[in-house]
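Chemist: When the letters of the sequence shown are read in order and numbered with the working numbering, they come out as residues 8 to 493. No residue lacks a Cβ here, since even glycine has one placed at the ideal position from N, Cα and C. Treat the numbers as computed from the prediction; the structure is a model and nothing was measured.
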Amino acid sequence: MLSQGFEKYGSEEQLQKDPIKHLNEVYVKINNDNSEEQKPAKKLAEKKDELEKTKAPPKPKKPAKGQEAPPEPPKWTDEQEKELQSVTAELEKVQGELVAKPSIDEKARQFFKRMVENDKDSLRNWEKFRNLSIEAYKEMYSRLNITFDDYSGESTVKNEDMDKAASILEQKGISEDSKGAVIVDLAKHGAPKLGKTLVKKRDGTSLYLTRDIAANYERFEKYAFDKMIYVIASQQDVHVAQFFKILSLMGPPYKDAVEKCEHVTFGMVKDPKGQTMSTRKGTVVSLADSLDAAKEFMHNVMKKNEDKYAQVADPEATADTLAISAIMVQDYSGKMINNYNFDMERMTSFEGDTGPYLQYSHARVCSMERKAGIPRDQLLTADFSLITAKEGVELIRSLAQWPDVFLNTYRTREPVTVLTYLFKMTHLLSSCYDAKDTANRNAKTMSVMYAESEEKKRALMGLYDAARQVLGNGMRLLGLTPVERM
8 MLSQGFEKYG SEEQLQKDPI KHLNEVYVKI NNDNSEEQKP AKKLAEKKDE
58 LEKTKAPPKP KKPAKGQEAP PEPPKWTDEQ EKELQSVTAE LEKVQGELVA
108 KPSIDEKARQ FFKRMVENDK DSLRNWEKFR NLSIEAYKEM YSRLNITFDD
158 YSGESTVKNE DMDKAASILE QKGISEDSKG AVIVDLAKHG APKLGKTLVK
208 KRDGTSLYLT RDIAANYERF EKYAFDKMIY VIASQQDVHV AQFFKILSLM
258 GPPYKDAVEK CEHVTFGMVK DPKGQTMSTR KGTVVSLADS LDAAKEFMHN
308 VMKKNEDKYA QVADPEATAD TLAISAIMVQ DYSGKMINNY NFDMERMTSF
358 EGDTGPYLQY SHARVCSMER KAGIPRDQLL TADFSLITAK EGVELIRSLA
408 QWPDVFLNTY RTREPVTVLT YLFKMTHLLS SCYDAKDTAN RNAKTMSVMY
458 AESEEKKRAL MGLYDAARQV LGNGMRLLGL TPVERM
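1) Between Val238 and the rest of its own chain, which residues show a CB-CB distance below 6 Å, the 5 nearest in sequence each way excluded?
2) Between which two residues does the beta strand (DSSP E) carrying Thr272 extend?
3) Put Glu183 into one of helix, strand or coil per three-state DSSP.
4) Excluding the 5 residues flanking Leu435 on each side, which residues of the same chain have their C-beta closer than 8 Å to its C-beta?
5) DSSP state of Val245, grouped into three classes?
6) Between which two residues does the beta strand (DSSP E) containing Thr204 stretch?
7) Which residues bound the alpha helix (DSSP H) around Val336?
8) Once the 5 residues before and after Lys165 are set aside, which same chain residues still bring their CB inside 8 Å of it?
9) Please work out which residues of its chain come closer than 6 Å, Cβ to Cβ, to Val291, disregarding the five sequence neighbours upstream and downstream, and give them in chain order.
10) Looking at the structure shown, is Ile141 part of a helix, part of a strand, or coil, going by DSSP?
11) Taking the runs of the beta strand (DSSP E) that are 3 residues or longer, which of them lie wholly in the region 61-105?
12) My output table needs one value for Ile239: the three-state DSSP class, helix, strand or coil.
13) Expressed to the nearest angstrom, what Euclidean distance is found between the alpha-carbon atoms of Leu393 and Thr328?
14) According to the Cβ coordinates, are Glu421 and Lys342 closer than 8 Å?
15) Following the continuous beta strand (DSSP E) through Leu192, name the residue where it begins and the one where it ends.
16) Measuring alpha carbon to alpha carbon, tell me which of Ile334, Ile381 and Ala458 ends up nearest Gly486.
17) Considering only the beta carbon of each residue, do Gln11 and Ala115 sit closer than 8 Å?
18) Out of Tyr148, Asp128, Ser159 and Lys120, which has the shortest C-alpha to C-alpha gap to Asn138?
19) If you check the beta carbons only, do Leu201 and Leu193 fall under 8 Å apart?
20) In three-state terms, what does DSSP make of Thr38?
21) Could you tell me the distance, in whole angstroms, from the CA atom of Asp126 to the CA atom of Glu352?
22) Starting from Val455, follow its DSSP beta bridges and name the residues at the other end.
23) Rounded to a whole number of angstroms, what is the C-alpha to C-alpha distance between Asp263 and Leu254?
24) Which class does Val412 belong to by DSSP, given the choice of helix, strand or coil?
25) Near Ala48, which residues of its chain fall below 6 Å by C-beta distance, leaving aside the five closest residues on each side in sequence?
26) Indicate the three-state DSSP secondary structure (helix, strand or coil) for Thr555 in the structure shown.
27) Inspect the beta-carbon positions of Ala474 and Met432 and report whether they are closer than 8 Å.
28) Nearest to Tyr471 by CA position, among Cys268, Met482, Ser437 and Glu57, is which residue?
29) Along the alpha helix (DSSP H) that carries Asp296, what are the first and last residues, could you check?
30) Could you check what DSSP says for Lys277 in three-state terms: helix, strand or coil?
31) Could you give the distance in angstroms between the alpha-carbon of Gln45 and the alpha-carbon of Ser293?
32) So, is Ile236 buried or exposed, given that buried needs 16 or more other C-beta atoms within 10 angstroms?
33) Sort Phe136, Val189 and Phe304 by Cα distance to Ala3 and report the nearest one.
34) Excluding the five sequence neighbours on either side, which residues of its own chain have a C-beta within less than 8 Å of the C-beta of Ala442, listed in chain order?
35) Please confirm whether any heavy atom of the ligand FAD lies closer than 7 Å to the CB of Val238.
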């Protein structure tokens, strides 16, 4: 589909300049064309479906005791039968024209078949799009402090590995023929809820499932992995379950590999109104655009305090770090499976549990350390028994929980576990700054500046430094870069 779109709407100059953005624009345009082309057939198919349901309606449920039976559906008339036959004939005619034309959809199927058959001309654009996209993704991932050792996908698997998998499925009686296509009926293999799934189309081309099976085998052979985690959206939960089940049925080495596989599912990001974003319809907001908008907002906030702004070594980089924190923290704020609305205004706020708030908390402790001027090695010998205020004791207890939080996050694969802990800990940290002496309500008993002795000052600064260390470690674990000034 994308190759057809590029042939019609593509610009080599725009592709080189911003491949992700341009390919997305091209994809939206060609999908709009395809939708328009398919409209007549779609309307006729809907009409046919409606008539067929009227002709053979589902049997009504048996009424409960004491309830009246539902009325009989109206009888099917000769006029309705003629209309059904007419609609069916018209639909077959339109569908035939789309194949003969051929339609955008049909061209896409033919193009994909040539790609599977290793036609060099057909693969040329795909390889160019893929390579340019990977370079663009590398740049974006670098901005997010993310690196990968290898970039590979199901589209790069070898045909011989797909053929080998197909042969095993057939030999073991796992797959079966269905009107020229090849399917796996998982109900026959102890998984009735997973139903039937297609592994090869009638024209002989493979599907995602076929390539996923081969890709899993290739990765197991290459890496002999101890654990492989598939991070795939919840919309594909059934697909992944079918995929894992088929691997387990295939026996070694496929069964050995799938026993070391895990699916981490995640929900969908929706627009501020709660509507699902669609790549095909062009309603998706790109990560790059979101980061740029958040960066500009953060930069403007920083500029409002001229004195602090002048002390920041690289304001542009700091604003970018704050923007990344804002977006990533919003993404981590709920369980992975939950959908959420993308809300730029809320995520960039310094109030509430947000990324900017975490960064502010870290920068505030760093500022205190600079003002206190106590060398780090002196903090190691601080006497924490001098901290008796309730707020300080609660903070110490919270810091002691960090190792357990870390391990629990590893077990659950839920970033929100760390995030929830960090917010609770920073709230305790904030309460320490405002803690009052029980005897003198005007005295801040946890204030480093007004500590009654050097020993107490060291103890307080040692506690705050420990909080800064844990906060920084937790943020880095989430992929955030703690800032020292903002």
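Modeler: The answer reads as follows:
1) Val271
2) Per DSSP, the continuous beta strand (DSSP E) segment holding Thr272 begins and ends at Cys268 to Phe273.
3) Reduced to three states, the DSSP call for Glu183 is strand.
4) Glu398, Glu401, Leu402 and Ser405
5) helix
6) Lys203 to Lys207
7) Pro322 to Tyr339
8) Ala221 and Glu225
9) Met284
10) Looking at Ile141 - three-state DSSP - the assignment turns out to be helix.
11) none
12) strand
13) 37 Å
14) yes
15) A quick correction: the sequence has Asp, not Leu, at residue 192. From DSSP, the beta strand (DSSP E) with Asp192 extends over Ala188 to Asp192.
16) Ile334
17) yes
18) Ser159
19) yes
20) One detail in the question is off: residue 38 reads as Asn in this sequence, not Thr. Note: Asn38 maps to helix in three-state DSSP.
21) 49 Å
22) Paired residues: none, contrary to the question.
23) 9 Å
24) helix
25) Val101 and Gln102
26) Here the chain has residues from 8 to 493 only, and residue 555 is not among them.
27) yes
28) Ser437
29) Asp296: member of the alpha helix (DSSP H) spanning Leu294 to Lys310, first to last residue.
30) strand
31) 28 Å
32) exposed
33) Since the first residue shown for the chain is 8 and the last is 493, residue 3 is missing from the structure and cannot be characterised.
34) Ala396, Lys397, Glu398, Gly399, Lys451, Thr452 and Met453
35) The model depicted lacks the ligand FAD and carries no ligand whatsoever.
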